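Residue numbers (our numbering): 15 to 353.
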Ligand code: ATP
C-alpha cells in the first residue's frame with residue numbers, strides 16, 4: 015500500500031473532568047490514534063466511552079490534560095477552534111432561522127473574511143455538492159429535516175476544511191432518512207477527499223460508512239481496523255459483542271482452557287433438524303423463532319442450559335419452536351478471545 019499522509023495524530027492524550035464531589039472523571043486515558051488523509055474514520059462506542067470528548071479535543075473545544083494533537087502536521091495545542099483546519103457538524107445542527115439557505119452557508123465564509131465575489135461561487139458549489147442547488151433562497155423552516163441536515167453539511171464544507179468532524183450528525187433523523195444520509199455522507203467524503211471523522215454509537219452505521227473504525231470503551235481505544243477486520247477478527251470480548259451479534263461460548267464447551275471465550279457469529283452457525291445419526295457439534299431445542307424477512311433468527315436451548323443464537327436465510331421449511339436440532343459450525347469461524 016502507498017504511504018498515506020497522516021492527517022490527525024493523537025499522542026498520549028488524556029482528559030479528566032472535575033466532578034461535583036471534587037473528584038475527577040477520566041474521559042480519555044492516554045489515547046494514541048492516527049487518522050489518514052482522505053479517510054472516512056469513525057469513533058464508535060457506547061455512551062460515555064469518551065468519543066465526543068476526543069472529537070471535541072480535535073476540534074479545539076476542549077484542552078487535553080496530557081498529550082498532544084497534530085492536524086496536517088501542525089501541533090494545534092495553541093490554536094482556538096476557528097484557527098484549526100477543521101469544521102464540525104453537530105447533532106443539533108442549529109441553522110439560523112431568519113437567514114436563507116444561501117446566507118446560512120455563506121456565514122462561515124464571511125467570518126473567514128473570504129471576498130464577497132468568491133463567497134457567491136463557493137456557496138453555489140457547496141449547495142450543489144449536497145444537491146440543494148435549487149433551494150438557495152428558502153428559509154430553514156421551509157425544508158425537511160434531511161434537507162436542513164444537508165444545509166448544515168454545506169455550511170461546514172464551504173470553507174474547504176482539511177477535516178470534517180461529525181458528532182452523531184444523523185441521530186435526529188428517522189431511519190429511512192438516516193440511511194439515505196449515510197450514503198450521502200459517504201459520497202461527499204469520496205468526492206471532496208476531505209478527511210471525515212464521525213462519532214457514533216451505532217455499529218451498523220459505522221460498518222456501513224467507514225474506511226476504518228476505532229472501537230472505544232471507558233476512555234480507551236480497544237481496536238482500530240477496517241470494518242471487515244473488526245467484524246471478523248474482534249480482539250476482545252467487548253468488541254465481539256458490541257459489533258454485530260456474537261455467541262460468546264466458554265472455552266470449556268470445546269474442551270479447551272476455560273479461561274478462553276470463543277466467539278461465533280449467529281450467521282456462521284448451521285442448524286438442521288435432529289435426525290438419528292446426524293453428526294453435529296451440539297444438540298439443542300429451538301426456544302424461539304424470529305422472522306426477519308430475509309433471515310430468520312433461532313434461539314437454541316442447549317443441554318447445559320445455555321442459549322445459542324443463529325441467523326439463517328429464510329428456508330422453504332422453517333424450523334418450529336420446540337423442534338430438536340443439531341448445530342454445527344466450521345472451526346475456522348471461531349475466534350478465541352481473552353476474557
Ligand atoms: P455519548 O455518546 O453519551 O455522548 P461519549 O462516548 O461521547 O458519550 P463523552 O461525552 O466523551 O462520551 O464523555 C466521556 C466521559 O466524560 C463521561 O463519563 C462523561 O460524563 C464525562 N464528561 C464529558 N464531558 C464532561 C464535562 N464537561 N464535565 C464533566 N464530565 C464530562
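Glycine residues also receive a C-beta, built at the ideal position from the N, C-alpha and C atoms. Please read these numbers as outputs of a predicted model, since none were measured by experiment.
Item, Value
"6 Å CB neighbourhood of residue 335 in its chain, flanking five on each side removed", "300, 303"
"Span separating the alpha-carbon of residue 59 from that of residue 319", "31 Å"
"Assigned secondary structure, residue 208 (DSSP; H/G/I helix, E/B strand, else coil)", "coil"
"Identity of the residues DSSP links to residue 24 by a beta bridge", "47, 83"
"Nearest-angstrom Cα separation, counted from residue 260 out to residue 82", "36 Å"
"Environment of residue 362 [buried if 16+ CB atoms lie within 10 Å]", "Nothing about residue 362 can be reported from this structure: the residues present for the chain run from 15 to 353 only."
"Counted within 10 angstroms of its Cβ, other Cβ atoms place residue 366 as buried (16 or more) or exposed", "Residue 366 is absent from the structure shown; the chain starts at 15 and stops at 353."
"Sequence-distant residues of the same chain with beta carbon closer than 6 Å to residue 248, five excluded per side", "254"
"CA nearest to the CA of residue 44, picked from 235, 239, 321", "235"
"Nearest-angstrom Cα separation, counted from residue 331 out to residue 354", "The structure shown does not extend to residue 354, since the chain spans only 15 to 353, so no value can be given for it."
"Proximity to residue 226 [Cα-Cα], best of 56, 37, 25", "56"
"Heavy atom of ligand 1 within 7 Å of residue 160 beta-carbon", "no"
"Contact under 8 Å by Cβ, residue 24 with residue 47", "yes"
"Contact between the segment 36-43 and the segment 207-220 (3+ Cβ pairs under 8 Å)", "no"
"Any non-hydrogen atom of ligand 1 within 7 Å of residue 59 CB", "yes"
"Any alpha helix (DSSP H) of 4 or more consecutive residues that is wholly inside the segment 192-246", "217-223, 241-246"
"Between the CA atoms of residue 149 and residue 111 - distance to the nearest angstrom", "14 Å"
"Test item: CB-CB of residue 168 and residue 141 under 8 Å", "yes"
"Nearest neighbour of residue 295, chosen from 322, 274, 305, 309 [CA to CA]", "322"
"Pair within 8 Å by beta-carbon distance, residue 324 and residue 280", "yes"
"Option nearest residue 119 by Cα separation, candidates 90, 164, 77", "164"
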